[in-house]
Each structure stands twice: as C-alpha cells, then as structure tokens.
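Peer 1: Here the working numbering is used: the sequence shown runs in plain steps of one and ends on residue 650. Note that beta-carbon positions come from the ideal geometry of N, C-alpha and C, so glycine has one too. I have a structure I would like to understand better, so I am pasting it below and will then ask my questions one at a time.
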Amino acid sequence: MTRMSELLKRLVEGGIEVTNDIKKVMIETDIELFSDYDCEPFYSDRPIPFTETELGEVKTISAPHMIVTLLHYMELLEAQEVIIVGSKGGYLAALVAQLIGEKGIVRVLDTCSNVISHSKQRLTHWPTIEFRELESIEVSPVAFPGEFDRVLITGNIEELPDWITARISDAGFVIAPLGPSSNQHLMKIEKQGDHLLPTNLGPVCFGSLESEKNEDQYISPIELAELLELVIQTCQELEIIEEDEINQLQDIIAELYFLPDDLPPVGEGGIPISSHPMFKSLIEKSDSFIRFWPILQVILHPIIRQIGFENWIFDDFESLE
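If you want it as structure tokens, here you go:
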C-alpha cells in the first residue's frame with residue numbers, strides 16, 4: 330500500500346468520504362511534483378508550501394482532507410469545464426483534469442505571476458489545463474469564454490465578485506470560502522432560475538487570494554482571542570476536543586481580552602516573542618492541547634508567519650499528528 334493509499338484509508342476511517350474516482354487520481358498523482366518543499370507533512374494530512382513569491386509570501390497546497398472535501402463538493406462529471414481561482418501549485422488542477430477526462434477543460438486563474446509560472450512548469454504536458462493571470466479577483470479576465478458551470482475558489486474572499494455571479498449557468502455553482510481572513514465558511518452558491526441559492530458547508534480557514542498589501546498591520550489581543558474562539562468552535566464541530574482542553578483555551582482567551590490596548594506589536598518594543606503577553610500563555614500551555622495543534626497551526630498560520638517565528642513554533646510540533 331502506498332503512503333497516499335494509507336493516508337486516504339485514515340481519512341475514510343475518520344469519517345471523510347473519499348470516492349473511488351478521487352482515491353484513484355490522488356494515488357496516481359505525485360504531490361512531490363508540485364512543491365519545491367518537503368512534502369512529508371502532506372502524508373500526515375497537513376497543508377504544505379509549494380512556492381514563495383517575490384514579496385516573501387509562502388503559498389500552500391491545502392491538507393489532503395480539504396482537497397478531498399473540495400473535490401467531493403464539486404460533483405465533477407466527464408467533459409465539464411471547470412474554473413479554479415487560486416492555483417494551489419497546479420496540484421488541484423491536475424486532479425480535476427483527470428476527473429473530468431480528456432474532453433473536459435480546466436481553466437486556472439491566479440493573481441500572482443510567480444504562482445502561475447510555477448504551476449505551468451509542473452503541467453507543461455497537460456493539454457486540457459489553461460492558465461491565466463488575474464489583475465485582481467474583482468476584475469474579470471479579458472476575453473474569458475462562456476458561462477460557468479463549476480467554479481472553485483481556493484482562497485478566502487468576503488463575497489463573490491459580480492463577474493462570477495453574473496455568469497453562473499443554470500444549475501451551475503461556485504464553491505468558495507467566504508468571510509474575513511480569520512473566520513470563513515465554505516459556501517456552495519448555486520444558480521436556480523434567476524436566483525442564487527447559498528448552502529453553508531461548514532467553517533474553514535483559507536489564506537487570501539490576493540497578495541498581502543500592508544505588512545505593517547498587526548493583530549490585536551482581541552483579534553487573537555476571536556481566532557482562538559474559532560479554534561474551539563471548529564474542534565467542537567469535529568468532536569476532537571475535550572472539556573479540559575476547552576477550559577485551557579478559554580483561560581487564554583480571557584487573558585487576551587484583559588490585555589491593554591497599547592501593547593507594542595509582537596516582535597517590537599524589545600519584548601521577546603516567547604515573553605510577549607499575547608503569546609506567552611499560548612506557548613506555556615501548549616502541551617494541554619497537543620492533539621489539535623495542527624488545526625491551531627492552520628488558523629493561526631498567517632499571524633505566526635507575520636510575526637516571524639513560524640519555523641520556531643512549527644518545528645517544536647513537527648512530529649505531532
């Protein structure tokens with residue numbers, strides 16, 4: 330049994346639906362072809378980076394359980410045309426292309442030229458996959474054909490842009506993580522007649538589709554507290570958190586709400602990151618919620634990267650699953 334087969338078996342045992350078609354294409358598609366980084370965490374059901382942009386942003390491929398979930402909700406059929414907004418290194422496009430067959434077509438859109446270049450290099454000999462660079466998620470690509478039957482958006486946005494909603498075909502739909510950067514829901518927006526019908530598929534946390542515009546914006550104690558509340562909510566819905574673990578996190582949340590508003594940003598003011606009031610309790614009590622640390626990592630990842638100790642905190646828990 331291959332490592333991917335073993336991973337998919339664990340996902341099924343954990344209650345995630347993996348169809349035979351999805352299982353087949355994931356087993357036959359090497360994740361290592363799509364990333365410049367170590368892919369070992371992928372086999373522990375964790376997201377992995379695939380490239381770094383000129384701005385220093387690390388772009389990631391979603392964890393396998395999320396890849397499977399997205400493919401399942403797309404309800405893909407032979408010969409369909411599928412639009413993917415947000416490349417994910419080309420890995421997702423490769424899976425979709427195999428699921429819809431040689432008569433289908435995958436059109437990948439991304440706002441980052443580095444990401445487009447990376448993905449094209451990985452998929453040079455895939456004739457049914459096309460790439461286009463977007464000026465912005467809000468701006469329709471020039472001379473982009475037809476109505477949209479299936480659209481998958483792989484980064485968070487507040488709401489669907491008009492150029493997408495206006496062109497969804499009847500009975501077609503969009504799958505997208507909608508909401509602010511800290512708290513999104515995976516939504517299915519389906520067109521029925523003249524109406525767009527939303528279906529909430531559950532809470533998620535995706536990175537932004539757009540490049541970060543302002544590197545000087547820092548998270549506040551209250552914003553971090555709200556993120557930790559999202560961690561509790563997510564873990565409760567997945568039924569993977571115990572009462573004592575909830576209490577530990579709620580203690581940290583309470584401390585954050587009582588911190589002063591004029592704290593220096595993390596990494597400034599001469600305060601070591603490990604001693605900063607915003608993160609000290611989280612670090613000191615981390616042994617109390619080891620089991621769901623991967624979820625905590627995913628939700629806090631943008632903040633961890635922003636303050637410059639991503640490797641420190643990730644390496645401490647590298648062996649955990």
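Using only alpha-carbon positions, find the residue among Leu588, His401, His394, Gln579 that is nearest to Lys614.
Peer 2: If we check each option's Cα against that of Lys614, Gln579 comes out closest.
Peer 1: Would Pro532 and Thr483 qualify as a contact pair, given that the criterion is a beta-carbon distance under 7 Å?
Peer 2: No, these two residues do not count as a Cβ contact at 7 Å.
Peer 1: From Glu552 to Glu381, what does the alpha carbon distance come to, in whole angstroms?
Peer 2: Each residue's Cα considered, the two are about 26 Å apart.
Peer 1: Give, in chain order, every unbroken run of the alpha helix (DSSP H) that is at least 4 residues long and sits entirely within the region 407-473.
Peer 2: DSSP runs (the alpha helix (DSSP H)) wholly in the region 407-473: 420-429, 442-451.
Peer 1: Consult DSSP for Val480 and reduce its assignment to one of helix, strand or coil.
Peer 2: Three-state result, Val480: strand.
Peer 1: Evaluate Asn485 with the Cβ neighbour count: other Cβ atoms within 10 Å of its Cβ, from every protein chain shown; 16 or more gives buried, anything less gives exposed.
Peer 2: With 16 or more other Cβ atoms within 10 Å, it is buried.
Peer 1: What does Met516 pair with, by DSSP beta-bridge criteria?
Peer 2: Met516 pairs with Ala505, Asn529.
Peer 1: Let me confirm a value: Tyr586 is counted as buried when at least 16 other C-beta atoms fall within 10 Å, else exposed. Which label applies?
Peer 2: By the 10 Å Cβ count, Tyr586 comes out exposed.
Peer 1: Using alpha carbons as the reference points, say which of His447, Phe473, His605 lies closest to Asp365.
Peer 2: The residue with the shortest Cα to Cα distance from Asp365 is His447.
Peer 1: Determine, using beta carbons only, whether Ile582 and Leu557 come nearer to each other than 7 Å.
Peer 2: In this structure, Leu557 lies closer than 7 Å to Ile582 by Cβ.
Peer 1: In the DSSP assignment, find the unbroken beta strand (DSSP E) run with Lys388 in it and report its ends.
Peer 2: Taken as a continuous stretch (DSSP letters only), the beta strand (DSSP E) holding Lys388 covers 387-390.
Peer 1: Which stretch, first to last residue, makes up the alpha helix (DSSP H) that contains Thr563?
Peer 2: From DSSP, the alpha helix (DSSP H) with Thr563 extends over 550-566.
Peer 1: According to DSSP, is Glu381 helix, strand or coil?
Peer 2: Reduced to three states, the DSSP call for Glu381 is strand.
Peer 1: In this structure, does DSSP put His605 in helix, strand or coil?
Peer 2: If DSSP states are grouped into helix, strand and coil, His605 belongs with coil.
Peer 1: Do Ala422 and Val437 have their beta-carbon atoms positioned less than 7 Å apart in this structure?
Peer 2: Yes, the Cβ-Cβ distance between Val437 and Ala422 is below 7 Å.
Peer 1: Quick one: Cα of Leu481 to Cα of Arg375, how far?
Peer 2: Whole-angstrom Cα-Cα distance: 20 Å.
Peer 1: In chain order, what residues of the same chain lie with their CB nearer than 7 Å to the CB of Ile575, ignoring the 5 residues before and after it?
Peer 2: Counting only Cβ-Cβ distances below 7 Å, and skipping sequence neighbours, we find Ile561.
Peer 1: In terms of alpha-carbon separation, which member of Leu384, Gly415, Lys417, Ile396 lies closest to Tyr372?
Peer 2: The residue with the shortest Cα to Cα distance from Tyr372 is Ile396.
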